[in-house]
Every structure is written in structure tokens, then in C-alpha cells.
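Just so we're aligned, residue 971 is where the sequence shown starts under my numbering, counting upward by one.
Everything below concerns the one structure shown next.
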Amino acid sequence: MSDLLRRYGWVIVLLLAAGWFIGRYFYFMPKYTNGVDAPVFNATLANGQPFALEDLRGNYVLLDFWGSWCPPCRAQNPALRKLYDDYQSVTFPDGARFNVVSVAIERDSARWQRAIAQDDLHWPYHIMQQTASLHFFDAPIANQYGIRQVPSSYLIDPQGQIIGVNMEPGQ
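Structure representation (C-alpha cells):
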């Protein structure tokens, strides 16, 4: 047995590593792809107002999942803010406008509010999804969209279809 393990041990290690990488790839793969209707949802905004994704139908919507506790999310926020600033007042040829809807997966509301202010995220649509466990992103909208890591994003066209998944803000 020892001779067999010594001889084929590297093959076993290689197969285990490949299995781990493939499993991880499929686990983090986005739930939805381009051309799929974006799931609609209702929520409450940071200012206490009700929000329905359906109300933005007819516009382009960047649905951004993030967390105040997430360094890559915070590092991406300046580019996201620039994207919003560049396009929020543009009317596209189809008559549509551009909106950002931020969905934060959080445990701490005060920290979330501070991050919005510190990062100057001045678009009107901020939603906090309270969760007890950041590890599994157990929050209704995150579950609906199959979010397993942040940052994650979906670009939705005026007809409500997903046209971009996890695009960089500059794309």
C-alpha cells in the first residue's frame, strides 16, 4: 500500500486539487446569464422609502451587490461612482436613463451608512439586506440572485433583461 501511495500520491493530490478548483468555479458561477429576465423584488431604501425594481423598467439598471466590510467592494466604489456621474444625466437613444441600485449584504446598519457617506455613493437607491452570517450571504435579494461573493453585479436593460454579469465599472 505504501509503495502504491508513493507511486500514485501525486496523481491523487492533482485530482483533489482539480476537483476543488472545478467545484469552486461552479459554486461561484453567477446564477443568471445574459438574456435572462432579471428577477424583480421589493425592498426598503436607506431613506425608508419603498422600492420596487419594476419601477425602474424602461431604464438601464446596474444592480450592485456589495458590503461595507468588503475591501474589493470599497476599492471598486470610486469607479462605480464615476460611472454613475458620467451616465446618470444621459438619455440614451432608446429614451432610457441609467441608474445604480446598491444592495449591501450587512450585519451593521451604522457601518453601512458610514460607508455610503465615506465613499460618496450619492445615487438614490441603496438597500441593506440584513444577514446574520456573511459567509453564506443569507439575505432575500442576494438569495434571489444567487449571490455567493461580493462584489457582484448585473446590468439590466430597459426591458428587464440581464445584459451584463459581473462587469467591471469601466466596461
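Glycine residues also receive a C-beta, built at the ideal position from the N, C-alpha and C atoms.
Residue i burial status per 10 Å Cβ neighbour count (16 or more: buried)
i	result
residue 1071	buried
residue 1094	exposed
residue 1088	exposed
Straight-line gap, residue i to residue j (C-alpha atoms, nearest Å)
i	j	result
residue 1019	residue 1092	16 Å
residue 1010	residue 1115	10 Å
residue 1007	residue 1048	29 Å
residue 994	residue 1005	The predicted model places residue 994 with a pLDDT of 46, which falls under 50 and marks its position as unreliable; any figure quoted below should be read in that light. Those two C-alpha atoms are separated by around 24 Å.
residue 1130	residue 1062	16 Å
residue 1041	residue 1065	36 Å
residue 1086	residue 1013	18 Å
residue 1067	residue 1026	9 Å
residue 1134	residue 1080	31 Å
residue 1078	residue 1016	13 Å
Collapsed DSSP secondary structure at residue i in the structure displayed
i	result
residue 1058	coil
residue 1131	strand
residue 1025	helix
residue 1008	coil
residue 1013	strand
beta-carbon residue i near the ligand ATP non-hydrogen atom, thresh 8 Å
i	result
residue 1080	Absent from the structure shown: the ligand ATP. Ligands present: none.
Does the segment 1109-1120 come close enough to the segment 1090-1099 that 3 or more CB-CB pairs lie under 8 Å? yes
Which whole runs of the alpha helix (DSSP H) in the segment 1097-1122 are 4 residues long or more, in chain order? Segments of the alpha helix (DSSP H) lying fully in the segment 1097-1122: 1110-1114.
Counting pairs of beta carbons, one from the segment 1116-1128 and one from the segment 1023-1043, are three or more of them closer than 8 Å? By the Cβ test, the segment 1116-1128 is in contact with the segment 1023-1043, since at least three Cβ pairs between them sit closer than 8 Å.
Would the segment 1035-1053 and the segment 1067-1084 be scored as touching if the rule is three or more Cβ pairs under 8 Å? yes
Any beta strand (DSSP E) of 3 or more consecutive residues that is wholly inside the segment 1036-1083: If we require 3 residues or more, the beta strand (DSSP E) runs fully inside the segment 1036-1083 come out as 1068-1076.
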